[in-house]
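Participant: Before I ask anything, here is the structure I am working with.
This is the structure:
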């Protein structure tokens, strides 16, 4: 079974400071990892994904994430936070060895990011 | 940029009534999904759909649920007899190919309230 943990319900950061939103995962095969963001009254918007290759993945809006296999982590980062980054962030995983066509994503419970002006 | 759309944005129904939630996936996508999020809980997978049949479903997706692609653009989720515990945000998603690395793109969701 696959699972995702986002240990922080809320992260507060001052505008202009770097931000990190944490995610750890568990899968039996190769992890395919995703970050989504949800703004109020909007759906889940795709930010970035890690499938293979370089451990540092760059995505939309200046976000990046670092895959760490030994720590089974995929933390989301941004060098300089904006007030407009305030939203709910979800980490998700798929098992790359799901075999017979399993495409379901397993999500973490989400982390609310508040960027303070 | 193409988007997944969902209607209605909010649906209120009485317990025991049937509801149909509608989704228009991205036009050239082949795989379709429904997820739900009960207030304060995780987003949970319900079902995936490809080539006019269910390819995978979760334990949540029991006989009260069904999915259909009635035409070339719509993808629907029907709940036959709603229960109070069906109250949730329902998200539709689509992806372009059968590659397991493909990204699922989500719609804005339908908030279902069962009274």
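Chains as they are written, first to last, in the numbering used here: chain D, 58 to 174; chain H, 4 to 118.
Where a beta carbon is used, it is the ideal one built from N, C-alpha and C, also for glycine.
Quick check on the DSSP output: the beta strand (DSSP E) that includes residue 71(D) runs from which residue to which?
Facilitator: First-last of the beta strand (DSSP E) with residue 71(D): 67-71.
Participant: Along the chain, where does the beta strand (DSSP E) that runs through residue 57(H) open and close?
Facilitator: Under the DSSP assignment, residue 57(H) falls in the beta strand (DSSP E) whose first and last residues are 56-60.
Participant: For the beta strand (DSSP E) containing residue 89(D), name the first residue and the last one.
Facilitator: Residues 88-95.
Participant: Return no unless some Cβ of chain D is closer than 9 Å to the Cβ of residue 116(H).
Facilitator: Under the Cβ criterion of 9 Å, residue 116(H) is not counted among the residues facing chain D.
Participant: Can a CB atom of chain H be found closer than 9 Å to the CB of residue 139(D)?
Facilitator: no
Participant: Compute the Euclidean distance between the alpha carbons of residue 127(D) and residue 97(D), then round it to the nearest angstrom.
Facilitator: Approximately 35 Å, taken between the alpha carbons.
Participant: By the criterion of Cβ-Cβ separation under 7 Å, what are the contact partners of residue 46(H) in chain D?
Facilitator: The contacting residues are 147, 164.
Participant: Whose CA, out of 148(D), 121(D), 62(D), lies closest to the CA of residue 136(D)?
Facilitator: 121(D)
Participant: Look up residue 152(D) in the DSSP assignment and say whether it is helix, strand or coil.
Facilitator: strand
Participant: CB residue 100(D) to CB residue 43(H), shorter than 9 Å?
Facilitator: Contact: no.
Participant: Taking 6 Å as the limit between beta carbons, can you name the residues of its chain near residue 51(H), skipping five residues before and five after?
Facilitator: 36, 58, 59
Participant: Could you tell me which of 153(D), 134(D), 92(D), 113(D) sits nearest to residue 59(D), measuring between CA atoms?
Facilitator: Closest option to residue 59(D), judged by alpha-carbon separation, among 153(D), 134(D), 92(D), 113(D): 153(D).
Participant: From the DSSP secondary-structure annotation, give me the bridge partner or partners of residue 74(D).
Facilitator: Bridge partners of residue 74(D): none, in fact.
Participant: Whose C-alpha, out of 53(H), 32(H), 89(H), is nearest the C-alpha of residue 68(H)?
Facilitator: 89(H)
Participant: Which whole-angstrom value is the C-beta distance of residue 20(H) and residue 95(H), which I expect to be below 8 Å?
Facilitator: Incorrect: roughly 21 Å between the Cβ atoms, too far for contact.
Participant: Pick out whichever of 64(D), 131(D), 166(D) has its Cα sitting closest to the Cα of residue 113(D).
Facilitator: 131(D)
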